Amino acid sequence: MSKGVDLIIAAISLLPPDLRARAALGLVGGPDDIAEQYRRLWVEAGLDPALFLYAGQVPSDDVPRWMSAFDACVLPLPKQSHFVYYTSPLKLFEYMASRRPLIASDLPSWADVLADGYNALLFEPESAPALSAALVHVMTDAALCARLAGNAHRDVFAHHTWDKRAEQILSRLT
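In my numbering, the protein residues as written are 9 to 182.
Structure representation (structure tokens):
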């Protein structure tokens with residue numbers, strides 16, 4: 009099941025030349041056997057091979073350190089029923105806590121968590137041009153990045169911790 013890495017590569021290839029020349033892609037997690045496929049897509053898109061990093065599986069304690077090395081976190085899930093209606097990935101909340109701007113597909117499954125322009129930039133799922141436009145904003149507007157990252161960080165700790173989630177569930181049971 010695709011999780012949108014190919015879409016990220018397509019979106020980066022659509023960036024204006026000055027931004028495309030400095031756009032890097034860092035991937036953490038996922039099966040090691042797919043790394044070469046993504047690397048090939050990256051190179052075929054005319055992107056600098058030196059700006060592609062595939063770390064593979066890392067210990068969960070190391071994930072925050074990896075995220076802190078990136079300029080933004082992208083969650084480009086496709087418009088498949090599994091993602092549209094039923095998913096609430098832990099990755100979303102990790103990204104929100106990372107103090108990095110978040111770019112995500114605009115999916116109903118996290119409409120109660122993400123607000124476009126407030127704590128994330130949302131884009132039309134499966135649209136490389138829309139994702140590319142969001143990347144341009146993140147790559148050129150430091151104030152926007154700081155605002156998105158700060159709001160997401162505050163929101164995740166105010167409303168989306170395990171304890172907060174347990175409170176919400178218990179309140180519905182009583």
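Here a beta-carbon is modelled for each residue, glycine too, at the ideal position from N, C-alpha and C.
The structure displayed is predicted, hence computed values, not measured ones.
Name the residue from the options whose alpha carbon lies nearest to the alpha carbon of residue i.
i	options	result
Trp-170	Gln-65, Phe-101, Glu-132	Phe-101
His-145	Arg-107, Asp-124, Pro-133, Val-36	Asp-124
Asp-14	Ile-177, Glu-175, Ser-140, Ala-154	Ser-140
Leu-23	Leu-143, Cys-153, Ala-157, Ala-151	Leu-143
Tyr-103	Val-51, Trp-50, Arg-162, Thr-148	Arg-162
Arg-173	Ile-17, Gly-38, Ser-76, Asp-120	Asp-120
Ala-63	Pro-39, Ala-150, Ala-157, Lys-99	Pro-39
Arg-73	Pro-57, Leu-83, Val-36	Val-36
Ser-266	Ala-29, Phe-131, Ser-106	Residue numbering for the chain in the displayed model covers 9 to 182; residue 266 lies beyond these limits and cannot be assessed.
Could you have a look at residue i and say whether DSSP puts it in helix, strand or coil?
i	result
Ser-113	strand
Asp-124	strand
Gly-64	strand
Gly-158	helix
Taking the Cβ atom as the reference point for each residue, do residue i and residue j lie within a distance shorter than 7 Å?
i	j	result
Arg-3	Ala-136	The displayed coordinates of the chain run from 9 to 182. Any statement about residue 3 would go beyond what the structure contains.
Ile-111	Leu-129	yes
Ser-117	Pro-133	no
Met-147	Leu-49	no
Can you list, in chain order, the residues of its chain with a C-beta nearer than 6 Å to that of residue i? Leave out the 5 residues immediately preceding and following it.
i	result
Ser-21	Ala-53
Please list, in chain order, all residues of the same chain as residue i whose beta carbon is under 7 Å from its beta carbon, the five residues on each side excluded.
i	result
Phe-78	Gly-34, Arg-108
Asn-159	Tyr-126, Asn-127
Lys-11	Leu-85
Contact the stretch 39-48 vs the stretch 69-80: 3+ CB pairs below 8 Å:
no
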